[in-house]
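Counting in the working numbering, the sequence shown tops out at residue 219, every number present. Yeah, the Cβ is synthetic: ideal placement off N, Cα and C, and Gly gets one too. Treat the numbers as computed from the prediction; the structure is a model and nothing was measured. What follows is a short report on a single structure.
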Amino acid sequence: MKTRLAFVLTFSCLIFGRLLAIAEDIDITKLKAKAEQGDAASQHELATCYANGQDVIKDNKEAVKWFRKAADQGYANAQYELGFCYHEGQGVIRDNNEAVKWYRLAADQGVANAQFDLGFSYKYGQGVTKDGKEGIKWYRKAAEQGLALAQALLGVCYYKGEGVTIDLPQAHAWLSLASAGGDAYSKTCMKEVESKMTKEQKAEAAKLTRELEATIKKK
């Protein structure tokens with residue numbers, strides 16, 4: 001029981017820790033000019049610079065300003081980042097309702113991290129009415145795009161029966177994919193699942209893993 005709880009807590013702590021990716025070489029003057037001209041991609045990149053403190057003084061409020069400009073134009077990654085800012089209270093007053101609003105817009109456009117965080121919001125009732133099944137729906141969408149953390153937590157849900165019926169082969173298959181995708185904690189959790197599986201269930205898990213791998217590669 002303690003082991004399982006530790007995994008869930010560890011996964012939960014990792015969910016909202018990320019460093020935004022940006023190009024190493026940036027002409028900040030040109031980037032600002034393009035952003036001010038209304039280019040959504042440049043607005044998003046400039047916001048990212050402010051969020052990370054790259055080539056500018058780190059300023060969360062300024063990051064939110066530019067994320068919002070890009071998000072208002074429908075730029076999916078900016079919508080996700082703006083939702084993240086509201087969830088964490090970075091540059092804005094923390095507001096889970098606003099976070100979910102922006103997560104949903106980005107998730108509907110296929111942003112895997114937004115789908116995952118929307119699923120997390122439903123699972124734990126943050127900014128929406130708690131709904132385990134809806135949480136699983138969004139976890140699955142992110143997992144099927146290859147997001148390792150979503151695969152890991154989907155596996156844990158199948159193991160614990162949270163939002164779904166307990167299904168050890170499904171749990172093992174998703175944890176296996178997460179482990180292959182670089183999630184360090186899934187391998188240990190997978191061993192715990194294995195210890196409770198029959199020979200037949202292990203064979204089913206192996207088959208499911210192959211099928212899921214094939215499906216994900218096609219996307």
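Beta-carbon gap between residue i and residue j smaller than 8 Å
i    : j    : result
G119 : A142 : yes
Q79  : W102 : yes
Y50  : E62  : yes
A70  : A114 : no
G181 : A203 : no
A112 : Q145 : yes
Y139 : F116 : yes
V164 : I136 : yes
Option nearest residue i by Cα separation, candidates the options
i    : options               : result
K91  : D59, A76, Y80, V111   : Just to set this straight, residue 91 is Gly in the shown sequence, not Lys. Of the listed residues, the one whose Cα sits closest to G91 is D59.
E235 : A106, Q73, E144       : Residue numbering for the chain in the displayed model covers 1 to 219; residue 235 lies beyond these limits and cannot be assessed.
I57  : D183, K34, L212, I28  : I28
G38  : D183, D25, I26, R68   : R68
G89  : A214, Y75, V64        : V64
Y75  : D108, Y124, D95, A184 : D108
Proximal residues to residue i (C-beta, below 7 Å), its chain only, five neighbours per side dropped
i    : result
S176 : M190, T209
E162 : G132
R104 : L118
L212 : A173, L177
Proximal residues to residue i (C-beta, below 6 Å), its chain only, five neighbours per side dropped
i    : result
G53  : none
A171 : G155, Y158, Y159, V193
N97  : G127
A178 : A148, Q151, A152, S186
G110 : none
S121 : V100, G127, V128
A33  : none
G220 : For residue 220 there is no data in the structure shown, the boundaries of the chain being 1 and 219.
Own chain partners of residue i with C-beta closer than 8 Å, once the 5 adjacent residues on each side are dropped
i    : result
L31  : S42, E45, L46, C49
L168 : Y158, Y159, V193, K196, M197, Q201, A205
R94  : Y86, H87, E88
I216 : E144, Q145, G146, L177
Nearest-angstrom Cβ-Cβ length linking residue i and residue j, presumed shorter than 8 Å
i   : j   : result
D26 : D55 : Here the sequence assigns Ile to residue 26, which means Asp is not the residue at that position. Between D55 and I26 the Cβ distance is about 5 Å, and since that is below 8 Å, they are a contact.
Residue i at chain B interface by Cβ criterion, 8 Å
i    : result
K196 : Here chain B cannot be found, since the structure has a single protein chain.
Continuous alpha helix (DSSP H) assignments of at least 4 residues falling wholly in the segment 129–205: 132–143, 148–160, 168–180, 186–194
Just list the alpha helix (DSSP H) runs in the segment 38–123, keeping only unbroken ones of 4 residues or longer that don't cross its boundaries, in chain order. 40–52, 60–72, 76–88, 96–108
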